[in-house]
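Participant: I'd like to ask some things about the structure below.
There are 2 protein chains.
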Amino acid sequence: MKDFESKFKGFLAEKKLKLTRSRSLILEAVFAMQGHFDAEMLYDRLKDESVSMATVYRTLPLLMEAGLIRLAIRMEGRDRFERTFGHPQHVHWICENCQAVLESGLGSLKSMLHKEAKALKFGIDQINITVGGLCWKCRINENDSQ
Amino acid sequence: MKDFESKFKGFLAEKKLKLTRSRSLILEAVFAMQGHFDAEMLYDRLKDESVSMATVYRTLPLLMEAGLIRLAIRMEGRDRFERTFGHPQHVHWICENCQAVLESGLGSLKSMLHKEAKALKFGIDQINITVGGLCWKCRINENDSQ
DNA sequence: TCCTTATTGAGAATCATTTGCAACAAGCTT
DNA sequence: AAGCTTGTTGCAAATGATTCTCAATAAGGA
Ligand SMILES: [Mn+2]
Ligand SMILES: [Mn+2]
Ligand SMILES: [Zn+2]
Ligand SMILES: [Zn+2]
């Protein structure tokens, strides 16, 4: 059993929740997914296995609580997630023109926030840094386009 | 005429848009608002002046483009804004238990992001840093509550 | 004042996410 | 292995913030 599977199982057990067929399939789909994904993308890969959209939506929060995924960004009205396993927090750079999403490490931003957190006596759960703007490609075509 | 009024007027003129009664009232309401606000809060203060919710929603993006307000945070499914005049960008600390929102300066986080932006050739438009977790009050009552 | 074009209010439409509910399935307990 | 208790599911309806349609109206330049 893979790492994330046992972690999820442990989380569910601790909460007296059950590891169902649907939940297993969703977890599997999540870890088959590279990069960002939203509820619909998971559903597309699972509807043939008769997993409902409702259950996808009900499972996502569980996976977050379990620390297996995190809300990465919100794009076009949808919440997009990403797995946490092997994916440390990072900055998301979103091009407001072509919607491209770049990523870059948190670097010392992380320690600075933790330092400030200590001053505020704030217990950090999740850091979210998103920068909106124009990617280099769109900056070049800034005049032409539109 | 106040600073923000002429700035908005200038923005509209440049875009060949009109400064209407509704837009003026909305702008006024925005600058009467302290802290964060959402569309509904503005509407509540303007419905008696017969300004519609639709117009509030249509004006918010204009105010953003004009650089008068920015999207601060998203809470309980709603977008919450804040004015930019006299309110430099800052970090938002959101308590996941009591929903309190703390703020702290960007400090050197800003320059670090701009440095990284240069490396990525990314043109920054807006920086959004939000940290989720527990405020000090909720950390103390962590056991009791619930 | 006239004319062109942007704008508005009202209400319908969207659409992601949530919820109610009766049928079902996990996981314990014998 | 069967039974029992309780959490879970799919389906469809409900929600709720935001957007759109459209005919009526108001800016603002001529
Ligand atoms: Mn990412
Ligand atoms: Mn703020
Ligand atoms: Zn781009
Ligand atoms: Zn709190």
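These protein sequence lines map, in sequence, to chains Z and U.
Here the first sequence is numbered in this note's numbering, starting from 1 and rising by one per residue.
Here the second sequence is numbered in this note's numbering, starting from 147 and rising by one per residue.
Using N, Cα and C, we set each Cβ at its ideal position, and we do this for glycine too.
None of these values were measured; they are calculated from a predicted model.
1) Report the residue ranges of all alpha helix (DSSP H) runs contained in full by the segment 249-280 of chain U; include only those spanning at least 4 residues, in chain order.
2) To which residues of the same chain is K164 of chain U closer than 8 Å at the C-beta, ignoring the five residues directly before and after it?
3) Could you confirm whether any beta carbon from chain U is found closer than 9 Å to the beta carbon of N141 of chain Z?
4) My guess is that M187 of chain U and L109 of chain Z are in contact by the Cβ rule of under 8 Å, so how many angstroms apart are they, rounded?
5) Leaving aside the five residues before and after Q146 of chain Z along the sequence, list all residues of the same chain whose C-beta is less than 8 Å from its C-beta, in chain order.
6) Counting only beta-carbon separations shorter than 9 Å, does R21 of chain Z have a partner in chain U?
7) Residues near ligand 3, CB to any non-hydrogen atom under 5 Å, in chain order?
8) D271 of chain U versus chain Z: which residues are under 9 Å apart at the beta carbon?
9) Leaving aside the five residues before and after R216 of chain U along the sequence, list all residues of the same chain whose C-beta is less than 7 Å from its C-beta, in chain order.
10) Anything in chain U within Cβ reach of E116 of chain Z, meaning under 8 Å, just list it in chain order.
11) Please tell me whether, using a cut-off of 8 Å, the distance from the CB of E262 of chain U to the nearest non-hydrogen atom of ligand 1 is below it.
12) Establish whether the CB of S291 of chain U and some CB of chain Z are separated by less than 9 Å.
13) Which value, in whole angstroms, describes the spacing of the CA atoms of K7 of chain Z and I286 of chain U?
14) Compute the Euclidean distance between the alpha carbons of G232 of chain U and S24 of chain Z, then round it to the nearest angstrom.
15) Who are the Cβ neighbours of I275 of chain U in its own chain at under 6 Å, not counting the five residues just before and after it?
16) If you draw a straight line from the C-alpha of Q34 of chain Z to the C-alpha of R21 of chain Z, how long is it?
17) Tell whether a beta-carbon distance below 9 Å holds between I124 of chain Z and V277 of chain U.
18) Could you run through the segment 36-64 of chain Z and flag, in chain order, every residue whose CB is less than 8 Å away from some CB of chain U?
19) Mapping DSSP to helix, strand and coil, what is M179 of chain U?
20) Can you grab the Cα-Cα spacing for the pair C244 of chain U / E288 of chain U, in whole Å?
21) Measuring CB to CB, does V176 of chain U end up less than 9 Å from L208 of chain U?
22) To the nearest angstrom, report how far apart E260 of chain U and V51 of chain Z are at their CA atoms.
23) Taking 8 Å as the cut-off, is the C-beta of E222 of chain U nearer than that to any heavy atom in ligand 2?
24) Is the CB-CB distance between A178 of chain U and D225 of chain U below 9 Å?
25) Is the separation between the beta-carbon of C281 of chain U and that of L252 of chain U shorter than 9 Å?
26) Look up C284 of chain U in the DSSP assignment and say whether it is helix, strand or coil.
27) In angstroms with no decimal places, state the Cα-to-Cα distance between K2 of chain Z and K47 of chain Z.
28) Measuring only the C-alpha atoms, how far is A119 of chain Z from K283 of chain U?
29) Where do the ends of the alpha helix (DSSP H) carrying F150 of chain U lie?
30) Compute every distance between the C-beta of I73 of chain Z and the non-hydrogen atoms of ligand 5, then say whether any falls below 8 Å.
Facilitator: So, from the listed chains and residues:
1) If one requires a minimum length of 4 residues, the alpha helix (DSSP H) runs lying completely within the segment 249-280 of chain U are 255-266, in chain order.
2) Sequence index remark: in the second sequence, residue 164 of chain U carries index 18 (1-based). Closer than 8 Å at Cβ, skipping near neighbours: L158.
3) Taking the first residue of the first sequence as 1, we reach residue 141 of chain Z at position 141. For N141 of chain Z, the answer is no, since every Cβ of chain U falls outside 9 Å of its Cβ.
4) Taking the second sequence and counting its residues from 1, the one referred to as residue 187 of chain U is at position 41. Taking the first sequence and counting its residues from 1, the one referred to as residue 109 of chain Z is at position 109. Your pair M187 of chain U and L109 of chain Z does not check out as a contact, with CB atoms roughly 32 Å apart and the cut at 8 Å.
5) Here the question's residue 146 of chain Z lines up with position 146 in the first sequence. Confidence in Q146 of chain Z is poor, its pLDDT being 40 and thus under 50, which makes the residue's placement too unreliable to answer from.
6) The sequence position of residue 21 of chain Z within the first sequence is 21, counting from 1. It does not: the Cβ of R21 of chain Z has no partner Cβ on chain U nearer than 9 Å.
7) My final list is Z:C95, Z:N97, Z:C98, Z:A100, Z:C135, Z:C138.
8) As a first step, residue 271 of chain U is located in the second sequence; it is residue number 125 there, counting from the start. Residues of chain Z whose Cβ lies closer than 9 Å to the Cβ of D271 of chain U are, in chain order, E96, V131, G132, G133, L134.
9) For the purposes of this step, residue 216 of chain U is taken as the residue at position 70 of the second sequence. Contacts found: M210, F227, E228, T230, Q272.
10) Position 116 of the first sequence, counted from the first residue, corresponds to residue 116 of chain Z. Here the neighbours are V237, S250, G253.
11) Here residue 262 of chain U refers to the residue found at position 116 when the second sequence is read from its first residue. Answer for E262 of chain U: no, Cβ out of range of ligand 1.
12) In the second sequence, counting from the first residue as 1, residue 291 of chain U sits at position 145. In this prediction, S291 of chain U scores a pLDDT of 44, lower than 50, which makes its location untrustworthy; the coordinate-derived value is nonetheless stated afterwards. Proximity of S291 of chain U to chain Z, defined by a Cβ-Cβ separation below 9 Å, is not satisfied.
13) The residue labelled residue 7 of chain Z in the question sits at position 7 within the first sequence. The residue labelled residue 286 of chain U in the question sits at position 140 within the second sequence. Their backbone Cα atoms lie some 28 Å apart in a straight line.
14) To locate residue 232 of chain U, count along the second sequence from 1; it is residue 86. To locate residue 24 of chain Z, count along the first sequence from 1; it is residue 24. In this structure, the CA atom of G232 of chain U is about 50 Å from the CA atom of S24 of chain Z.
15) Here residue 275 of chain U refers to the residue found at position 129 when the second sequence is read from its first residue. If you ignore the 5 residues before and after I275 of chain U, its C-beta comes within less than 6 Å of the C-beta of V237, all in its own chain and listed in chain order.
16) Walking along the first sequence from the start, residue 34 of chain Z turns up at place 34. Walking along the first sequence from the start, residue 21 of chain Z turns up at place 21. The straight-line gap from Cα to Cα measures roughly 22 Å.
17) Your numbering for residue 124 of chain Z matches position 124 in the first sequence. Your numbering for residue 277 of chain U matches position 131 in the second sequence. In this structure, I124 of chain Z places its C-beta atom within 9 Å of the C-beta atom of V277 of chain U.
18) Those residues of the segment 36-64 of chain Z that come within reach of chain U (Cβ to Cβ, closer than 8 Å) do not exist; the list is empty.
19) Taking the first residue of the second sequence as 1, we reach residue 179 of chain U at position 33. Coil.
20) Numbered from 1 along the second sequence, position 98 holds the residue referred to as residue 244 of chain U. Numbered from 1 along the second sequence, position 142 holds the residue referred to as residue 288 of chain U. Looking at the two C-alpha atoms, the distance is approximately 11 Å.
21) Taking the second sequence and counting its residues from 1, the one referred to as residue 176 of chain U is at position 30. Taking the second sequence and counting its residues from 1, the one referred to as residue 208 of chain U is at position 62. Not a contact, by the Cβ cut-off of 9 Å.
22) Taking the second sequence and counting its residues from 1, one reaches residue 260 of chain U at position 114. Taking the first sequence and counting its residues from 1, one reaches residue 51 of chain Z at position 51. First, the residue type needs correcting, since residue 260 of chain U is His and not Glu in the sequence shown. Approximately 44 Å, taken between the alpha carbons.
23) For the purposes of this step, residue 222 of chain U is identified with residue 76 of the second sequence, where counting begins at 1. Not under cutoff, so the answer is no.
24) Counting from 1 along the second sequence, the entry for residue 178 of chain U is found at position 32. Counting from 1 along the second sequence, the entry for residue 225 of chain U is found at position 79. Against a cut-off of 9 Å, the Cβ pair of D225 of chain U and A178 of chain U comes out as no contact.
25) If you number the second sequence from 1, residue 281 of chain U lands on position 135. If you number the second sequence from 1, residue 252 of chain U lands on position 106. No; because the gap between Cβ atoms is not below 9 Å, this pair is not in contact.
26) Along the second sequence, read from residue 1 onward, the residue named residue 284 of chain U stands at position 138. It is helical.
27) As a first step, residue 2 of chain Z is located in the first sequence; it is residue number 2 there, counting from the start. As a first step, residue 47 of chain Z is located in the first sequence; it is residue number 47 there, counting from the start. Separation of K2 of chain Z and K47 of chain Z (C-alpha to C-alpha, rounded to the nearest whole angstrom) is 24 Å.
28) Walking along the first sequence from the start, residue 119 of chain Z turns up at place 119. Walking along the second sequence from the start, residue 283 of chain U turns up at place 137. Taking the Cα positions, A119 of chain Z is about 14 Å away from K283 of chain U.
29) Within the second sequence, numbered from 1, the residue matching residue 150 of chain U stands at position 4. Per DSSP, F150 of chain U belongs to the alpha helix (DSSP H) from 149-160.
30) With respect to ligand 5, the structure shown offers nothing to examine, as its ligands consist of ligand 1, ligand 2, ligand 3 and ligand 4.
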